[in-house]
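A.B. asks:
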Amino acid sequence: MISSEDIIKIVAYFSIIAHSPGRLRVRVNPKIVKEGEKITLSDIENLPKKILGIEEIKINKLIASVTIIYDPKIFKPKLWEDLIKNENINEITQIINNLVKEL
Numbered sequence: 552m553i554s555s556e557d558i559i560k561i562v563a564y565f566s567i568i569a570h571s572p573g574r575l576r577v578r579v580n581p582k583i584v585k586e587g588e589k590i591t592l593s594d595i596e597n598l599p600k601k602i603l604g605i606e607e608i609k610i611n612k613l614i615a616s617v618t619i620i621y622d623p624k625i626f627k628p629k630l631w632e633d634l635i636k637n638e639n640i641n642e643i644t645q646i647i648n649n650l651v652k653e654l
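Residue numbering for the sequence shown follows my numbering, starting at 552 and increasing by one per position.
Structure, rendered in structure tokens:
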């Protein structure tokens, strides 16, 4: 299972390409493969099943991008930007932990 700490590690490799409320597209640094032993593509793709407010994750390996479709009423757009910039991490971790679905 992917943890909020894992999410923070993953997004350290992201940079924003485009962001509008409800849709975030990021470029993925190839160095993310260092995390590959702990976190798989299916872990990332399955996040919508595990976290309320994340509706869909599309991974494009060819151009190294990830598109996250989310509910902007649950995840405020600024939270995503703070997460990518590694700001307000304690607050974001608490929000993510509160939104984890019971499986």
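Just so it is clear, CB atoms sit at the ideal spot from N, CA and C, and this is done for glycine as well.
All of these numbers come straight from a predicted model, not from anything done at the bench.
Quick check on GLU556: does DSSP put it in helix, strand or coil?
C.D. replies: Here GLU556 sits in helix by DSSP.
A.B. asks: Going by the DSSP bridge assignment, what does ALA563 pair with across the sheet?
C.D. replies: ALA563 pairs with nothing; no bridge assigned.
A.B. asks: VAL562: buried (16+ other C-beta within 10 angstroms of its C-beta) or exposed?
C.D. replies: Answer is buried; the Cβ neighbour count reaches 16.
A.B. asks: Start and end of the alpha helix (DSSP H) containing GLU596?
C.D. replies: 592-596 is the span of the alpha helix (DSSP H), which, as asked, contains GLU596.
A.B. asks: Specify whether the region 618-635 and the region 569-580 touch according to this definition: at least 3 beta carbon pairs, one from each stretch, less than 8 Å apart.
C.D. replies: Counting Cβ pairs under 8 Å, three or more are found: they touch.
A.B. asks: Ordered along the chain, which non-local residues of its own chain (more than five positions away) have a Cβ less than 6 Å from that of LEU654?
C.D. replies: The predicted position of LEU654 is uncertain, since its pLDDT is 48 and thus under 50; a value taken from the coordinates is nonetheless stated next. Within the same chain, LEU654 has no close Cβ partners at all.
A.B. asks: ASP557 to LEU613, Cα distance in whole Å?
C.D. replies: Using only the alpha carbons, I get a separation of about 23 Å.
A.B. asks: In the DSSP assignment, what are the bridge partners of ILE610?
C.D. replies: Answer is VAL617, bridged to ILE610.
A.B. asks: Under the three-state reduction of DSSP, which class applies to ILE646: helix, strand or coil?
C.D. replies: Three-state DSSP puts ILE646 in a helix.
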